[in-house]
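A short write-up of the structure that comes next.
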Amino acid sequence: MTGVSDQRAAARFDDAVVTGVLGHMNGDHLDDSLDIVRAAGHPTATSATMTDLDTEVGVWSAVVDGQEVEVRVPWPGGPLTERPQLRVAVVKIHEEAREKLGLPPVAPH
Numbered sequence: 001m002t003g004v005s006d007q008r009a010a011a012r013f014d015d016a017v018v019t020g021v022l023g024h025m026n027g028d029h030l031d032d033s034l035d036i037v038r039a040a041g042h043p044t045a046t047s048a049t050m051t052d053l054d055t056e057v058g059v060w061s062a063v064v065d066g067q068e069v070e071v072r073v074p075w076p077g078g079p080l081t082e083r084p085q086l087r088v089a090v091v092k093i094h095e096e097a098r099e100k101l102g103l104p105p106v107a108p109h
């Protein structure tokens with residue numbers, strides 16, 4: 001598995017991969033993260049930051065009704081094995097979130 005460590009039940013991507021994804025999501029996609037958290041059962045969330053990920057889930061910290069909560073969202077289609085799958089999975093989660101929330105699709109970038 002490229003970029004993945006098989007040390008635990010939920011395999012971890014290399015630290016550099018995790019740091020890069022978190023930096024990108026939190027630097028460029030905070031609104032997308034908020035959509036994901038709201039669609040994952042926290043419609044009153046006012047902010048969301050991606051805090052971690054592994055081969056099975058993305059993890060966000062969100063403020064919901066004034067309280068910080070952890071939101072774990074499984075990757076669509078099951079666990080990931082390769083780093084390039086991360087972008088596809090996050091985009092898919094966001095597309096599904098916008099649909100669930102009744103929001104229009106975003107233009108590809």
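Read in the UniProt record's numbering, the sequence shown has 48 at position 48, and its numbers run on one by one without any break.
Don't be surprised by glycine CBs; every beta carbon is placed ideally from N, CA and C.
Check, Outcome
"Chain-order list of residues whose beta-carbon lies under 8 Å from that of Pro104 (same chain, five-residue window excluded)", "Arg98"
"Proximal residues to Val37 (C-beta, below 7 Å), its chain only, five neighbours per side dropped", "Ala45, Ala48, Trp60, Ala62 and Val71"
"Assigned exposure category for Thr19 - 16 Cβ within 10 Å defines buried", "exposed"
"Assigned exposure category for Ala39 - 16 Cβ within 10 Å defines buried", "buried"
"Identified DSSP bridge partners for Gly58", "Leu53 and Val73"
"Glu82 in three-state terms, based on DSSP", "coil"
"Among Asp32, Pro108 and Leu53, nearest to Pro79 - alpha-carbon criterion", "Leu53"
"CA nearest to the CA of Met50, picked from His24, Glu96, Val64 and Pro43", "His24"
"Contact set for Asp6: own chain, Cβ-Cβ below 6 Å, skip 5 residues either direction", "Caution applies to Asp6, whose pLDDT of 44 falls short of 50 and renders its modelled position unreliable; the value that the coordinates give is listed next. Contacts found: none."
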